[in-house]
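Chemist:
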Amino acid sequence: MVYSFGCSLEARLKKLGSHEGFVITILFWFVLGMIGSIPFVLSGITIVDSVFESISGVTTTGATVLTAIEDLPKSLLIYRQLLQWIGGMGLIILVVAIMPSFGIGGSQLFKMDAPGFDSSEKADAHH
Numbered sequence: 010m011v012y013s014f015g016c017s018l019e020a021r022l023k024k025l026g027s028h029e030g031f032v033i034t035i036l037f038w039f040v041l042g043m044i045g046s047i048p049f050v051l052s053g054i055t056i057v058d059s060v061f062e063s064i065s066g067v068t069t070t071g072a073t074v075l076t077a078i079e080d081l082p083k084s085l086l087i088y089r090q091l092l093q094w095i096g097g098m099g100l101i102i103l104v105v106a107i108m109p110s111f112g113i114g115g116s117q118l119f120k121m122d123a124p125g126f127d128s129s130e131k132a133d134a135h136h
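In this note's numbering, each number is its position in the sequence shown, counted from 1, plus 9.
Below, the structure is given as structure tokens:
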């Protein structure tokens with residue numbers, strides 16, 4: 010049963026394009042960020058700051074709006090670091106396993122990250 014579900018999911022993933030892949034990724038980060046903000050809210054941090062910290066961790070940006078991080082409970086500091094670690098692992102999984110099934114590989118990621126670079130232009134040595 011699990012095998013048939015996996016095959017069915019693989020067939021559906023092959024039908025999706027790069028646009029759908031990016032939408033799924035953004036929605037996943039957003040939903041995970043919302044759920045991940047709950048411990049921050051329960052510790053007394055405002056909702057906006059909690060959501061920012063959670064999404065920052067999940068997307069591995071490392072940005073923070075908290076001013077006195079050293080004053081937070083150690084459990085919340087560990088949770089914050091785990092969010093960043095999970096976010097980093099998620100990015101690796103996204104790039105290695107999921108994006109190729111949407112037809113996005115290393116060269117497409119490089120082109121997205123380097124605006125203005127045209128890989129079709131050849132570098133010629135000027136004599």
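Ideal Cβ placement from N, Cα and C applies to all residues, glycine included.
Here's the rule I'm using: 16 or more other beta-carbon atoms within 10 Å means buried, otherwise exposed. How should Glu79 be labelled?
Modeler: Here the question's residue 79 lines up with position 70 in the sequence shown. Classification for Glu79: exposed.
Chemist: Using DSSP with H/G/I as helix, E/B as strand and the rest coil, what is Pro82?
Modeler: Here residue 82 is taken as the residue at index 73 of the sequence shown, counted from 1. Residue state, collapsed to three classes: coil.
Chemist: Quick one: Cα of Met98 to Cα of Phe61, how far?
Modeler: On the sequence shown, residue 98 is found 89 positions in, with the first residue counted as 1. On the sequence shown, residue 61 is found 52 positions in, with the first residue counted as 1. Rounded to the nearest angstrom, the two C-alpha atoms are 19 Å apart.
Chemist: Grab me the residues of Met43's own chain with a C-beta within less than 6 Å of its C-beta, minus the 5 sequence neighbours each way, in chain order.
Modeler: Here residue 43 refers to the residue found at position 34 of the sequence shown. Nothing meets the Cβ criterion.
Chemist: For Pro82, which option in Gly96, Ile54 and Val67 has the closest C-alpha, if you only look at C-alpha atoms?
Modeler: Reading the sequence shown from its first residue, position 73 is the one you call residue 82. Selected option, being the one with the closest Cα: Ile54.
Chemist: Is it the case that the Cβ atoms of Leu92 and Gly71 are separated by a distance below 8 Å?
Modeler: Here residue 92 is taken as the residue at index 83 of the sequence shown, counted from 1. Here residue 71 is taken as the residue at index 62 of the sequence shown, counted from 1. Not a contact, by the Cβ cut-off of 8 Å.
Chemist: Mind listing, in chain order, the continuous alpha helix (DSSP H) runs of no fewer than 4 residues lying wholly within the region 38-82?
Modeler: 47-51 and 56-67
Chemist: Is the beta carbon of Leu75 less than 8 Å from the beta carbon of Asp58?
Modeler: On the sequence shown, residue 75 is found 66 positions in, with the first residue counted as 1. On the sequence shown, residue 58 is found 49 positions in, with the first residue counted as 1. Yes, the pair counts as a contact, with Cβ atoms nearer than the cut-off.
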